[in-house]
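Protein chains in written order, with my numbering: chain Y, 19 to 310; chain Z, -13 to 315. Every residue gets a Cβ at the ideal spot worked out from N, C-alpha and C, and that includes glycine.
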């Protein structure tokens, strides 16, 4: 029972990390309509951003902000420099997907050239462990859960209560209609890449903070589980992605506690495949609203 | 120097075979299979298992099959095994999924296969993999090791020619035409009463079998095979060659392999290594691959050798010489 409850605890932490990543993916996908294969690299870039910031300061809060900011700017630049020119030519979604695969290759291997392929260490304090109810968390675990909850709330507030969020939802529904009503759609899309990049970068930062180490493929290993969470929640629905993340976090950690941990990713892709085949519009969608 | 040239040409021939198989799936039918390399690996493992003798206790190797059969039997078994896996994965992934989800599902299923093979030592040696894979015919041919490398190059070139001729024949057949119709407009193909799923599944299995055959040749060429040899990145190398050479054009993708695998990738091996960063040269190949894909798609989506369209229809349209471009835009 202790093993089970502890793995549920790990599941909540993993769910928080996945939630950050999946909300970013879902947000960017819903507004830009591009399935981003380089999303994993956004996580990795966040970790490297924090790593670079540690050259200046070991204040983890500032390092985390730097990681998020660096990734946000890179995501914005990728949209501006690579994605937009293809969009203007009216490229098919498949082509844009291939372009993001190429970007993923370039970023991952570019990081290897500049930083080496080896594991990097961050300067993080050794976290104290404390029992919260039946769970066992480190201080960083608790911070991660808090950060995830705060970011989810912030995304909710932006989407629901700001003019920008309203524009985002309009563009997500129909880019043409949004454009007709006078919304500056390229600007909304560009800012969404910025926002999603920032959240994804933050996800990478907390992954690096949790373990203290990362390497050029760290984010890529989260790509499929992120897709799984986003798809389970109904891709393009940031709120669904949060729920999907909780499911994926619990299923992989609890399953991984009893199977070999290398099968965690197999469990995640199992969920992904099942959802896509059985209920492609997501687990929580009304059956009549097909998003595929 | 000659040894080196022979070795590069042999791998170009093998990768040419692999690229043709992927071209059937992606270039002809528009199926973005992100785990193509898995089918190559299955062909390699099964073929090696058929040709290897029983594991030596001293090597602490473990694997199944160990039938000590001739290479011809092994290659056939590898080809069939890859085709069967293609039937399973294609059968799952081709069900009512749009193209990007199809790609994600292939990647996911490939990862499952990868974990199963890598984590089970008793299957194909786990992380250690297989080694000491016999050279085809080396025991019966009276050749010196140096002469043998030429023989094997010849074998691979003949195989490449055979696969190319098969692909050319199929490309011009009603089967190939229907696949291209599906690629251009799936709904229109359906309206002409074509069973899209069935055509795509057959193309997927055909491509998988070609991959398995190429894998059998690769395993026998290298003599060893393990999970490091078929990471997802290897699939992107083949895509780079296809985009570069000309999506859909069978001759074009061979040209793409010659340029990317044979020239560009090889050239990076001669760049002096960065001290303390042994992975940099290989990473540079990845960066170049990504750059080529983006630049080609942006400025010349039809690739260096555009897909010919002439024998498709008598009436020519203005875009007829850029069929590959349509697939990629």
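Rounding to the nearest angstrom, what Cα-Cα distance links residue i and residue j in this structure?
| i | j | result |
| --- | --- | --- |
| residue 216 of chain Z | residue 150 of chain Y | 44 Å |
| residue 210 of chain Y | residue 188 of chain Y | 13 Å |
| residue 94 of chain Z | residue 77 of chain Z | 14 Å |
| residue 188 of chain Z | residue 227 of chain Y | 48 Å |
| residue 20 of chain Y | residue 152 of chain Y | 8 Å |
| residue 27 of chain Z | residue 120 of chain Y | 23 Å |
| residue 81 of chain Y | residue 207 of chain Z | 49 Å |
| residue 102 of chain Z | residue 238 of chain Y | 20 Å |
| residue 3 of chain Z | residue 100 of chain Z | 22 Å |
| residue 145 of chain Z | residue 29 of chain Z | 15 Å |
| residue 109 of chain Z | residue 72 of chain Y | 45 Å |
| residue 307 of chain Y | residue 210 of chain Z | With a pLDDT of 43 at residue 307 of chain Y, under the threshold of 50, the modelled position of that residue is not reliable, and no figure is offered here. |
| residue 285 of chain Y | residue 265 of chain Z | 31 Å |
| residue 117 of chain Z | residue 41 of chain Z | 10 Å |
| residue 233 of chain Y | residue 78 of chain Y | 19 Å |
| residue 32 of chain Y | residue 252 of chain Y | 20 Å |
| residue 36 of chain Y | residue 11 of chain Z | 33 Å |
| residue 253 of chain Z | residue 99 of chain Y | 29 Å |
| residue 222 of chain Z | residue 279 of chain Z | 9 Å |
| residue 170 of chain Y | residue 257 of chain Y | 9 Å |
| residue 291 of chain Y | residue 91 of chain Z | 6 Å |
| residue 96 of chain Z | residue 204 of chain Z | 19 Å |
How would you call residue i, buried or exposed, if buried means at least 16 neighbouring beta carbons within 10 angstroms?
| i | result |
| --- | --- |
| residue -13 of chain Z | exposed |
| residue 127 of chain Y | buried |
| residue 75 of chain Y | exposed |
| residue 178 of chain Z | exposed |
| residue 293 of chain Y | buried |
| residue 200 of chain Z | buried |
| residue 113 of chain Z | exposed |
| residue 133 of chain Z | exposed |
| residue 97 of chain Y | buried |
| residue 241 of chain Y | buried |
| residue 184 of chain Z | exposed |
| residue 285 of chain Z | exposed |
| residue -3 of chain Z | buried |
Residue i: which of the options sits nearest, CA to CA?
| i | options | result |
| --- | --- | --- |
| residue 28 of chain Y | Y/87, Y/118, Y/69 and Y/225 | Y/225 |
| residue 56 of chain Z | Z/196, Z/36 and Z/103 | Z/36 |
| residue -1 of chain Z | Z/222, Z/268 and Z/149 | Z/149 |
| residue 250 of chain Y | Y/240, Y/199, Y/204 and Y/295 | Y/295 |
| residue 220 of chain Z | Z/243, Z/232, Z/231 and Z/233 | Z/243 |
| residue 119 of chain Z | Z/162, Z/222, Z/285 and Z/52 | Z/52 |
| residue 274 of chain Z | Y/300, Y/125, Y/195 and Y/176 | Y/125 |
| residue 23 of chain Y | Y/155, Y/139 and Y/43 | Y/155 |
| residue 234 of chain Z | Z/183, Z/212, Z/25 and Z/295 | Z/295 |
| residue 112 of chain Y | Z/49, Z/159, Z/194 and Z/85 | Z/85 |
| residue 186 of chain Z | Z/105, Z/167, Z/256 and Z/60 | Z/167 |
| residue 257 of chain Z | Z/268, Z/247 and Z/248 | Z/268 |
Give me the chain Z residues within the contact set of residue i, using Cβ-Cβ distance strictly less than 9 Å, ordered along the chain.
| i | result |
| --- | --- |
| residue 242 of chain Y | 90, 93, 94 and 97 |
Based on the DSSP output, what are the partners of residue i in its beta bridges?
| i | result |
| --- | --- |
| residue 182 of chain Y | The partner list for residue 182 of chain Y (beta bridge, DSSP) is empty, contrary to what the question assumes. |
| residue 116 of chain Z | Z/211 |
| residue 149 of chain Y | Y/154 |
| residue 49 of chain Z | Z/110 |
| residue 260 of chain Z | Z/263 |
| residue 138 of chain Y | Y/232 |
In chain Y, what lies closer than 7 Å to residue i by C-beta?
| i | result |
| --- | --- |
| residue 81 of chain Z | 295 |
| residue 222 of chain Z | 119 and 123 |
| residue 9 of chain Z | Chain Y residues near residue 9 of chain Z: none, gap ~15 Å exceeds 7 Å. |
Just to make sure I have the definition right: I need the residues of chain Z whose C-beta is within less than 8 Å of the C-beta of residue i. Which are they?
| i | result |
| --- | --- |
| residue 291 of chain Y | 78, 91, 94 and 95 |
| residue 115 of chain Y | 18, 85, 86 and 89 |
| residue 192 of chain Y | Residues of chain Z passing the Cβ test: none, with the nearest at roughly 18 Å. |
| residue 103 of chain Y | 284 |
Just to make sure I have the definition right: I need the residues of chain Z whose C-beta is within less than 7 Å of the C-beta of residue i. Which are they?
| i | result |
| --- | --- |
| residue 96 of chain Y | Within 7 Å Cβ-Cβ: nothing; residue 96 of chain Y doesn't reach chain Z, min ~11 Å. |
| residue 280 of chain Y | 101 and 105 |
Run down chain Y in chain order and give the residues with a C-beta less than 8 Å from the C-beta of residue i.
| i | result |
| --- | --- |
| residue 166 of chain Z | Here the premise fails: no neighbours, minimum Cβ distance about 15 Å. |
| residue 212 of chain Z | Residues of chain Y passing the Cβ test: none, with the nearest at roughly 16 Å. |
| residue 270 of chain Z | 127 and 131 |
| residue 273 of chain Z | 123, 124, 127, 128 and 131 |
Are the C-beta atoms of residue i and some chain B residue less than 8 Å apart?
| i | result |
| --- | --- |
| residue 27 of chain Z | Judged by its chain identifiers, the structure shown contains no chain B, and its protein chains are Y and Z. |
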